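Peer 1: Questions regarding the structure given below will be posed in turn.
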Amino acid sequence: MRRLVTVLGLVFAVALAVQTGGAQAPYYAGKTIEIVVPFAPGGAADVGARFVAPFLEKHVAGNPRVTVRNVPGGGSMLGASFFAANAKPDGLMLMCTTSSTVFPWMFGHPSARYDLGKMRVAMTMAFGPVVYVSPRTGVRKPQDLLRPAEPLVYGGIAATGSDLPVLIAFELLRLPVKVVLGFEGRGPIRLAFERGETNLDFQFTPVYLTQVVPLVREGKAIPLFTGGVPNERGELVLRDPVVPDLPSVFEVYREMYNSRPAGPRWRAYEAAAALTFSYGLTWWAPEGTPEAALRALYEAVDRIVADPEFRERAKTVTGGYPLRRGDQVESGVRKAMRPTLDVKKWIVDLLREKYNVRF
Amino acid sequence: MVDAALAALTAFLDPLRLGLLAVGVLAGLAVGILPGLGGIVAVSVLLPLIFRLDAATALATLTGALAVVYTADVITSVLVGTPGSPAAAPTAIEGHALARQGQAARALAAAFLSSMAGGFLGVVGLTLSIPVARPLVMLLGSPELFMFTALGVVYGGSLLGRSPLRGVLSGLLGVLLGLVGPAPAAAEFRYTFGQLYLMDGLSLVVLALGAFGVAEVAGLLARGGSIARQASLGGGWREGVRDVLRHPWLVLRGSVIGVWAGILPAIGATAASWIAYGHAVATSRDRERFGRGDVRGIIAPESANNAATAGDLIPTLLFSVPGGPAAAVILGALYAYGIYPGPRLVQEHLDLVYVIVWSFALANILGAALSFLVSPAIARLTHIPFAWVAPPLLVTMALGAYQSTRHFGDLLALFLLGLLGWTMKRSGWPRAPLLIGFVLAKPMERYFWLTVNLHGWRWLGYPGVLAIGALMVAPALLAAVRWRRSTRQSETRGAPTAGGKEPPPATGPAQPVAVSMALVALLLFGIGVAQGVRFQYDARLLPLLAAIPGLLLTTLQLARALRSEPAGPAEEEGVEDAGPGEDRGVWREELRQFAVVGAYLLCVWLVGFHAASFAFMAAFLWRRGHLRPPGALAYATAALACFQLLGVGLQLRWPTGVLLR
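In the order they appear, the protein sequences are chains A and B.
All letters in the first sequence, in the order written, are residues 23 to 381 by the numbering used here.
All letters in the second sequence, in the order written, are residues 324 to 984 by the numbering used here.
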């Protein structure tokens, strides 16, 4: 016990020493950035935030200390509400979160006591989904999904989370899919696919590349399409650069129906996919954060992306998607978060009628 | 495979790596000792450190921390009856009962040794399972997983105690509490009463701390004096070691239960402990001592929970599917290194797998050794007045509970669940089924709906399902046979002896408390039914299955309580024991202690952690501990300084007062 106290004392002393040192010129010099993650440790947002944190320490001018603080609860609403209530507009507290935090706010959940519409986007990182099927379905290419040899069964977690864009894509492409929700995570869903309990699934690229590609090689899975990547106008029409051989949802629709997708379904897909995939991980700063702080973060993003060590590690950690500057993506994020009324109504109706979500 | 293992061992014997493994072990021991803090805190506290290390060293550090949490958590369980983690709750019953008889040293020795053996066997299981786990897990679909959770419930049935009615009610209450929060199969939040705090459900840590810890502390305070009733340290360390050596098969069976529970998703160390405990009770011929300090009730669960930690790593490393919350953090750390565990990990990073294996084994030895070293000092705490130990203990529990979500709801829940646990204890409701029901409710519901939605009703004929079904029915048949035999015997002898021990004479449940317990249960089940009927179809099945029988049976129980049931042997306490010689009036005094705890937590809410804890500790030591004011102030100051140091070291968060915002 005494040894323990000594060790803890040393830790304490070192922490103090680190905090009091430092120069003055850059905004973040000698300061500490605390990144609030509204999820328990070990999830995608937590891994992403912790992966980027040391690179922020290295590349934000003034080399601030960067700590990660998990505030889980209420499906991320507790942590986001905590952030909204406690973050001062000084850029020293940021929040790193996923679409699970955006959707409840978008659909006006009463417990979402935070206004993402007013927050600033410091930076974002993408996630890319890959949809794949079991060969038992007889499906070899996306068009076959309309006439599968056995009923398509898709396993998901919850309709209002990261499954939403994929569920909307099923509607958009009018696929005959039986959706079974209630799994506890994407990992167990993948195991259910391997066991043959489901036969249609999607995984994010890092998991796809490491866990599903071996299945593809063994002939136990057939990759079909990706979510797509936005062009400069924010339209989700491009192929995913990480898996360039696979078509995007946009292309699949064109092949299936010989026309460009349009209307509320397509725009609903674009909005949900942008929030879940393109801006899958977003670092938020509170309203009124000084421009100097934001600029320091934007510039750090440029340096991080140029850092060969980051590139090397990002290849395996994120599948190779770069970090993006908040000023370059903020308008895209805002546009996706504020779909037009008809689009919002379409999503709400889908969730209410097909998935029994109560608003 | 042997080459890789030896190569990993050589790489492993690097001073830096060993040093950091030791740091991990120290962190794991610290959070294990402190009630309310568990593996997640241990692993999270190391995360900022390890992201600057290479992958193998980082893994050694994390594994070291994770491996020993369930070794050190027995210390508070044995000494003060407060589970150091939810998985140590059985030890809090049996070990603490031994400590009160002055045999703390024996209980601790048995616990450490069986923890170490469990961890060791667990890691052997982990190593052996690497080639076979994949085909095995591929056999386990949702129907089989559902059956396994149901099997856990059935094994929990052997913990019902002397009154099956109260045992079943306790289990149903646990299920109901476990269902708070999001429904797995439907887009519906249940029993949240519009409170954001309840949206993720109640925390297992807070439930275990409240129902066992707070309830026990209140009882100890009311009784006064020191924890140990006899002056000697009792049978001593050697007897504890001999106890374990006498029951090698129990250690092995406990470990197998643990590894298996670890492999299965959603069944973690807590369920493993209880199932192993239930198994020990069920397979023992002489059960009289269970609940009153039976060392077998320590050996089985302690082997199981350390083995479960190793078992948790199997799905984590082979499938990238975390076996438990702490394993999820390890998985996250691996992701951040760009290492995605899975079949490829075993092929490409076999060295890393063996680093984990070696770290786990070494950490278990180191953890048990260090625990042995610090325990004689800590065991002496059982001989000083409990009023001197209680204030920092209560403060630790409040701080530990607050780390669950860092919301004031944690403290309120701690108090209310503590009150519930105490009321149950005083009215002879066993608390083991409460915890089992709580832990297994949601996984059971999740896998039930997945099974029905994915397989229709065909699954009832699956061979795996039938095999597990047979496992379920066998002990039930055995128990029925035994019960028939024992009732026949009891008819001749006049006192039933099945399923529990001889009750201490003249310790009936205090009637006013028994009535209030029945009323509280009536209220909870009533809410369960009233709200439950309004849930969507696939969100209301399990709530109603728990609440409706609960409501009906509680009325029966209420009638019995009102009839002022005689303190006859048939209506005695469950597996747990109120302790011989405690008289009926004691509950009033205990309730007064609860008022003190409540007042403290209220002060924390108003003026924040530091001011409230300081004032509480000083006042308590002065009024109840009979220290003179300068002594009380000095003690409180020193204790607060320790908390501050600990808080900074473990990156804990402090509750801040509403008045100060």
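For each residue, glycine too, the CB sits at the ideal point set by N, CA and C.
Source: prediction; values computed, not measured.
Looking at the strands, I want to know which residues DSSP matches up with A/TYR230.
Peer 2: By one-based count along the first sequence, residue 230 of chain A stands at place 208. In the DSSP output, where bridge partners are listed per residue, A/TYR230 has none listed.
Peer 1: Helix, strand or coil for A/VAL175 per DSSP?
Peer 2: By one-based count along the first sequence, residue 175 of chain A stands at place 153. In the structure shown, A/VAL175 sits in a strand (DSSP, three-state: E or B).
Peer 1: Report yes if the C-beta of B/ASP861 is less than 7 angstroms from at least one heavy atom of the ligand MN; otherwise report no.
Peer 2: Absence of the ligand MN from the depicted structure is noted, as is the absence of any ligand whatsoever, leaving it without description.
Peer 1: DSSP on B/LEU714, reduced to helix/strand/coil?
Peer 2: Mapped onto the second sequence, residue 714 of chain B falls at position 391. Inspection of the sequence shows that residue 714 of chain B is occupied by Pro rather than by Leu. DSSP places B/PRO714 in helix when its eight states are reduced to three.
Peer 1: With a cut-off of 8 angstroms on the beta carbons, I'd call B/ALA623 and B/ALA599 a contact; round off their distance for me.
Peer 2: Taking the second sequence and counting its residues from 1, one reaches residue 623 of chain B at position 300. Taking the second sequence and counting its residues from 1, one reaches residue 599 of chain B at position 276. Right, their Cβ atoms sit about 4 angstroms apart.
Peer 1: So B/LEU360 packs on B/ILE398, CB below 8 angstroms; how close in whole Å?
Peer 2: The sequence position of residue 360 of chain B within the second sequence is 37, counting from 1. The sequence position of residue 398 of chain B within the second sequence is 75, counting from 1. Rounded, the Cβ-Cβ distance is 13 angstroms, inconsistent with contact.
Peer 1: Measuring only between beta-carbons, confirm whether B/ALA331 sits less than 8 angstroms from chain A.
Peer 2: For this step, residue 331 of chain B is matched to residue 8 along the second sequence. Not an interface residue.
Peer 1: Let me confirm a value: A/VAL251 is counted as buried when at least 16 other C-beta atoms fall within 10 Å, else exposed. Which label applies?
Peer 2: One-based indexing of the first sequence puts residue 251 of chain A at position 229. Classification of A/VAL251: buried, given that the 10 Å Cβ count is 16 or more.
Peer 1: Rank A/THR340, A/GLU56, A/ALA284 by C-alpha distance to the C-alpha of A/ASP112 and give the top, closest one.
Peer 2: In the first sequence, residue 112 of chain A corresponds to position 90, counting from 1. Here the closest residue by C-alpha is A/GLU56.
Peer 1: What is the C-beta distance between B/VAL574 and B/SER437, in whole angstroms, given that I count them as a contact (C-beta under 8 angstroms)?
Peer 2: Locating residue 574 of chain B in the second sequence gives position 251, where the first residue counts as 1. Locating residue 437 of chain B in the second sequence gives position 114, where the first residue counts as 1. Rounded, the Cβ-Cβ distance is 6 angstroms, consistent with contact.
Peer 1: Is it true that the CB of A/PRO63 sits closer than 8 angstroms to the CB of A/GLY97?
Peer 2: Residue numbering aside, residue 97 of chain A sits at position 75 when the first sequence is read from its first letter. Residue numbering aside, residue 63 of chain A sits at position 41 when the first sequence is read from its first letter. Contact: no.
Peer 1: Among B/PRO872, B/ILE590, B/GLY744, which one has its Cα closest to the Cα of B/GLY849?
Peer 2: By one-based count along the second sequence, residue 849 of chain B stands at place 526. The residue with the shortest Cα to Cα distance from B/GLY849 is B/PRO872.
Peer 1: Quick test of your reading: B/LEU673 and B/ALA650, contact by CB under 8 angstroms. State the CB separation rounded to the nearest angstrom.
Peer 2: Taking the first residue of the second sequence as position 1, residue 673 of chain B is located at position 350. Taking the first residue of the second sequence as position 1, residue 650 of chain B is located at position 327. Wrong, their Cβ atoms sit about 19 angstroms apart, outside the cutoff.
Peer 1: CA-CA distance, B/LEU675 and B/GLN974?
Peer 2: As a first step, residue 675 of chain B is located in the second sequence; it is residue number 352 there, counting from the start. As a first step, residue 974 of chain B is located in the second sequence; it is residue number 651 there, counting from the start. Taking the straight line joining both Cα atoms gives about 28 angstroms.
Peer 1: What is the rounded straight-line gap between the Cα of B/ALA853 and the Cα of B/LEU867?
Peer 2: For this step, residue 853 of chain B is matched to residue 530 along the second sequence. For this step, residue 867 of chain B is matched to residue 544 along the second sequence. Going from the Cα of B/ALA853 to the Cα of B/LEU867 covers about 9 angstroms.
Peer 1: Mind checking the segment 215 to 235 of chain A against chain B and listing, in chain order, the residues whose C-beta falls within less than 9 angstroms of any C-beta there?
Peer 2: Residues passing the 9 angstroms Cβ filter: GLU216, ARG217, GLY218, GLU219, THR220, PRO228, VAL229, LEU231, THR232, GLN233.
Peer 1: Take B/ILE416 as the anchor and find which of B/PRO699, B/ALA510, B/GLY620, B/ALA659 has the nearest alpha-carbon.
Peer 2: Here residue 416 of chain B refers to the residue found at position 93 of the second sequence. The residue with the shortest Cα to Cα distance from B/ILE416 is B/GLY620.
Peer 1: For a cutoff of 8 angstroms on Cβ pairs, would you count A/SER103 as touching chain B?
Peer 2: Against the first sequence, residue 103 of chain A aligns to sequence position 81. Answer yes: the Cβ-Cβ gap between A/SER103 and chain B drops below 8 angstroms somewhere.
Peer 1: Could you give the DSSP three-state label for A/LEU114: helix, strand or coil?
Peer 2: Start at 1 with the first residue of the first sequence, and residue 114 of chain A comes out as number 92. Coil, per DSSP.
Peer 1: Cβ closer than 7 angstroms: which chain A residues qualify as neighbours of B/THR728?
Peer 2: Start at 1 with the first residue of the second sequence, and residue 728 of chain B comes out as number 405. Residues of chain A passing the Cβ test: PRO94, GLY95, LEU100.
Peer 1: Could you pull the DSSP bridge partners for A/VAL56 from this structure?
Peer 2: Taking the first residue of the first sequence as position 1, residue 56 of chain A is located at position 34. The sequence shown places Glu at residue 56 of chain A, rather than the Val named in the question. Its beta-bridge partners are A/THR89, A/MET115.
Peer 1: Return the bridge partner residues of A/ASP223 from the DSSP annotation.
Peer 2: The sequence position of residue 223 of chain A within the first sequence is 201, counting from 1. The partner list for A/ASP223 (beta bridge, DSSP) reads A/TYR154.
Peer 1: If I measure Cβ to Cβ from B/LEU982 and keep anything under 7 angstroms in the same chain, skipping five residues before and after, which residues do I get?
Peer 2: Taking the first residue of the second sequence as 1, we reach residue 982 of chain B at position 659. These residues qualify, in order along the chain: LEU929, VAL930.
Peer 1: Less than 8 angstroms separating the beta-carbons of B/ILE662 and B/ALA378?
Peer 2: The count along the second sequence starts at 1 and reaches residue 662 of chain B at position 339. The count along the second sequence starts at 1 and reaches residue 378 of chain B at position 55. Going by C-beta atoms, B/ILE662 is nearer than 8 angstroms to B/ALA378.
Peer 1: So for A/VAL143, helix, strand or coil by DSSP?
Peer 2: On the first sequence, residue 143 of chain A is found 121 positions in, with the first residue counted as 1. Of the three classes helix, strand and coil, the one that applies to A/VAL143 here is strand, per DSSP.
Peer 1: Do A/LEU116 and A/TRP305 have their C-beta atoms within less than 8 angstroms of each other?
Peer 2: Here residue 116 of chain A is taken as the residue at index 94 of the first sequence, counted from 1. Here residue 305 of chain A is taken as the residue at index 283 of the first sequence, counted from 1. Yes. Within cutoff.
Peer 1: Can you check whether the CB of A/GLY101 is closer than 8 angstroms to the CB of A/THR143?
Peer 2: Within the first sequence, residue 143 of chain A is the residue found at index 121, counting from 1. Within the first sequence, residue 101 of chain A is the residue found at index 79, counting from 1. Sequence check: residue 143 of chain A is Val here, not Thr. It is not a contact, given that the beta carbons lie outside the stated cut-off.
Peer 1: Less than 8 angstroms between CB atoms is the rule here; does B/GLN859 satisfy it with respect to chain A?
Peer 2: Locating residue 859 of chain B in the second sequence gives position 536, where the first residue counts as 1. Yes, contact with chain A.
Peer 1: CA-CA distance, B/ASP617 and B/GLY418?
Peer 2: Taking the first residue of the second sequence as position 1, residue 617 of chain B is located at position 294. Taking the first residue of the second sequence as position 1, residue 418 of chain B is located at position 95. Spanning the two alpha carbons is a distance of roughly 8 angstroms.
Peer 1: Could you list which residues in chain A have their beta carbon closer than 7 angstroms to that of B/PHE642, in chain order?
Peer 2: Looking up residue 642 of chain B in the second sequence gives position 319. Simply GLY209, LEU213.
Peer 1: Could you tell me which uninterrupted alpha helix (DSSP H) segments, each at least 4 residues in length, are contained entirely in the segment 752 to 795 of chain B, listed from first to last along the chain?
Peer 2: Segments of the alpha helix (DSSP H) lying fully in the segment 752 to 795 of chain B: 755 to 778.
Peer 1: At 7 angstroms on the CB atoms, spell out the chain A contacts of B/TRP772, in chain order.
Peer 2: For the purposes of this step, residue 772 of chain B is taken as the residue at position 449 of the second sequence. By Cβ distance, chain A contributes GLY204.
Peer 1: Can you tell me the Cβ-Cβ gap for A/ASP68 and A/GLY150, rounded? I've got them flagged as a contact below 8 angstroms.
Peer 2: What you label residue 68 of chain A is simply residue 46 of the first sequence in a count that begins at 1. What you label residue 150 of chain A is simply residue 128 of the first sequence in a count that begins at 1. The pair is not a contact, with the Cβ atoms about 19 angstroms apart (cut-off 8 angstroms).
Peer 1: Starting from the beta carbon of A/GLY64, find every residue of chain B whose beta carbon is closer than 7 angstroms, and list them in chain order.
Peer 2: By one-based count along the first sequence, residue 64 of chain A stands at place 42. Correct list: PRO645, ALA651, VAL652, LEU654, GLY655.
Peer 1: How is B/ARG857 classed by DSSP in three states: helix, strand or coil?
Peer 2: Translated into the one-based positions of the second sequence, residue 857 of chain B becomes position 534. Residue state, collapsed to three classes: coil.
Peer 1: How about B/ILE550 and B/THR719: are their beta carbons less than 8 angstroms apart?
Peer 2: Residue numbering aside, residue 550 of chain B sits at position 227 when the second sequence is read from its first letter. Residue numbering aside, residue 719 of chain B sits at position 396 when the second sequence is read from its first letter. Against a cut-off of 8 angstroms, the Cβ pair of B/THR719 and B/ILE550 comes out as no contact.
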